[in-house]
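The sequence shown lines up with residues 42 to 336 when you count with our numbering.
Right, one structure below, let's go through it.
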Amino acid sequence: MKNTIFKGMATAMVTPMTAAGVDYDALARFIDFQLESGIHALLAVGTTGESATLSPEERKEIIRFTVKRVNGRVPVIAGTGTNNTEHVLEYTRSACGDGADAVLVVTPYYNKATQSGLIAHFTAVADASEKPVILYNVPSRTGCNLLPATVAALAEHENIAAIKEASGNMDQVMELFARCGDKIDIYSGEDALTVPMMAMGGAGCISVLTDVVPGLGVEMAEKALRGDFAGAAALQCRLLPLIRALFSQVNPIPAKAAVSAMGFGEEHLRLPLTPMEEPFRGNLLAEMRKLGVRV
């Protein structure tokens, strides 16, 4: 097994914005909130951070800002994936140079690729990266499924350290563990499957849930890491209604609504994303209140 980037919960952070641009004051306060809550790692410029509508310079600056604000207290993972390999290489080199501890690279969306093409794409990124690479498989968003046999081939690369697996297909997840669980770390990319995947040997979750309740997410993961799977499962079940509310509309629409209601910036999203609709918003806020979140 290669060196582990983190164990437990990493928050896939929202990017607070206004009509004028990124709200760095709100982002600073949000990072501080996450750190004070005991989060194990932070992901900047992932899907939840609206990476698809950020300019190239915004992407780079958010990563620089996050690295500086965190100041080594937890690992910072930089989302550097796009559907253009040359752009991924540019973003990856920049993130490594700016101090990110690892990079998260999604499968190429829209272009998609054959499994051979995916091996070539991720190998090029891993060859160019100075930091460990986390593969990201989320076929519901990309239309491209990174199969376990392909991950097993990529796991032989010394710089590919982990995968964020968000297929939601437990048969595929089990095959992934069987083929690769002793070679790379496997993180859940589905909040609802965090404990089941950790019970199989997963290292944790890269989470949307912890944008809202990082302390409870950390508690759940740490129970699982200690082998208290009954306690972790009970907490997972308690959190399930909020998890469902956070995915009741397209991510990151609910996450941005939740974080804004908590006081971390405006509920501003860039088109084609639009603000959360009723009755979804009311249900989300109600579930947050049940867990003691002030909104």
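Just so you know, even glycine gets a beta-carbon here, dropped at the ideal spot from N, CA and C.
Just so it is clear, the structure is predicted and the values come from calculations on it, not from any experiment.
- If you draw a straight line from the C-alpha of residue 188 to the C-alpha of residue 329, how long is it? Computed Cα separation, rounded: 36 Å.
- Query: Around the Cβ of residue 318, are there at least 16 other Cβ atoms within 10 angstroms (buried) or fewer (exposed)?
  - Reply: In summary, residue 318 is exposed, with fewer than 16 beta-carbon neighbours lying within 10 Å of its beta-carbon over all protein chains present.
- Can you tell me the Cα-Cα spacing of residue 61 and residue 315, whole angstroms? 16 Å
- Message: DSSP three-state label for residue 144, please.
- Response: strand
- Message: Report the CB separation of residue 82 from residue 115 in whole angstroms; it is logged as a contact under 8 Å.
- Response: 5 Å
- Item | CB contact flag (residue 273, residue 334, <7 Å) | Contact annotation: residue 273 and residue 334 have beta-carbon atoms that are not nearer than 7 Å.
- Task: Tell me residue 221's beta-bridge partners as DSSP assigns them.
- Result: None, per the DSSP bridge assignment.
- Message: Considering only the alpha carbon of each residue, which of 162, 72, 249 lies closest to residue 129?
- Response: 162
- Item | Cα-Cα separation, residue 111 to residue 89 | So the alpha carbons of these two residues sit roughly 19 Å apart.
- Query: What are the boundary residues of the alpha helix (DSSP H) that residue 153 is part of?
  - Reply: Here residue 153 belongs to no alpha helix (DSSP H), and DSSP marks it neither H nor E.
- Relative to the C-alpha of residue 122, which residue among 106, 147, 108 is closest? 147
- Task: Identify which residue in 214, 153, 175 has its Cα closest to the Cα of residue 196.
- Result: 175
- Are the Cβ atoms of residue 49 and residue 245 separated by less than 7 Å? yes
- Task: Could you tell me which of 186, 321, 260, 309 sits nearest to residue 67, measuring between CA atoms?
- Result: Comparing Cα-Cα distances from residue 67 to each of 186, 321, 260, 309, the minimum goes to 309.
- How many whole angstroms separate the CB atoms of residue 53 and residue 87, which I take to be in contact at a CB cut-off of 8 Å? 4 Å
- Exposed or buried, residue 264, counting other C-beta atoms within 10 Å across all chains shown (16 or more means buried)? buried
- Query: In terms of DSSP beta bridges, what is residue 246 paired with?
  - Reply: 50, 229
- Query: Can you tell me where the beta strand (DSSP E) with residue 204 in it begins and where it stops?
  - Reply: 201-206
- residue 209 versus residue 142: straight-line alpha-carbon distance, rounded: 27 Å
- Query: So residue 177 and residue 217 are in contact, right, with Cβ under 8 Å, and what is the actual spacing, rounded?
  - Reply: At roughly 13 Å, the Cβ-Cβ gap does not stay under 8 Å, so residue 177 and residue 217 are not in contact.
- Sorted by chain position, which residues of the same chain lie with C-beta nearer than 7 Å to residue 134's C-beta, five sequence neighbours on each side aside? 169
- Query: What is the DSSP secondary structure of residue 314, reduced to helix, strand or coil?
  - Reply: Collapsing the DSSP output to three states places residue 314 in coil.
- Would you give the residue range spanned by the beta strand (DSSP E) that residue 174 belongs to? 174-178
- Message: Using the Cβ count rule (16 or more neighbours within 10 Å means buried), how would you classify residue 107?
- Response: buried
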